[in-house]
Every structure is written in C-alpha cells, then in structure tokens.
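One structure is given here, and the rest of the page talks about it.
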Amino acid sequence: MSRSSNKRTSGSEKAADTLGRAELAAEFLKRNRNYRAEHAQMERRIARGSIARQTAEAAFARRWGLSFRLCAG
Numbered sequence: 001m002s003r004s005s006n007k008r009t010s011g012s013e014k015a016a017d018t019l020g021r022a023e024l025a026a027e028f029l030k031r032n033r034n035y036r037a038e039h040a041q042m043e044r045r046i047a048r049g050s051i052a053r054q055t056a057e058a059a060f061a062r063r064w065g066l067s068f069r070l071c072a073g
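The numbering of the sequence shown is the UniProt record's numbering, which starts it at 1 and goes up by one.
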C-alpha cells in the first residue's frame, strides 16, 4: 500500500521525493542552526582578514562533509 493511500503526503515529503541527493543535503544544511552559525562565523573571520577565504572554506567544507573525492573515469 502506498503511503498516500493511508495519509496525505506532506509538502516536505513531496519536495524530498523530487530533490536529488545534493539538493536534499543542501536543504538540510540550510535549515541546520549550527551550520548557519558556523558559516556566519567563517564569513566574519574572512571579512576581518583573520583567515584567507580559500583556507576557511576548505576547512569548513571538510568539517561539514562537503568535500568529495574526484572519481577517475
């Protein structure tokens, strides 16, 4: 039995069904309070000149699992 036969499918469930993995992950992070706070802190440090943008973004990406290995192929 499909879930729609038992209950109405919520808007967020419908959106999740249409998003790819990358889009779903981005949406999750966008709603994550800790992610947003760390991102804002990183931007402030960059603006103050405390850290280079490339260095800060690379560290931020690693910390949040946003770094991907390139596949040979």
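Ideal Cβ placement from N, Cα and C applies to all residues, glycine included.
Residue 29: member of the alpha helix (DSSP H) spanning 21 to 30, first to last residue.
For the pair residue 61 and residue 46, the CB atoms are not nearer than the 8 Å cut-off.
Assigned with DSSP and collapsed to three states, residue 52 falls in coil, not helix or strand.
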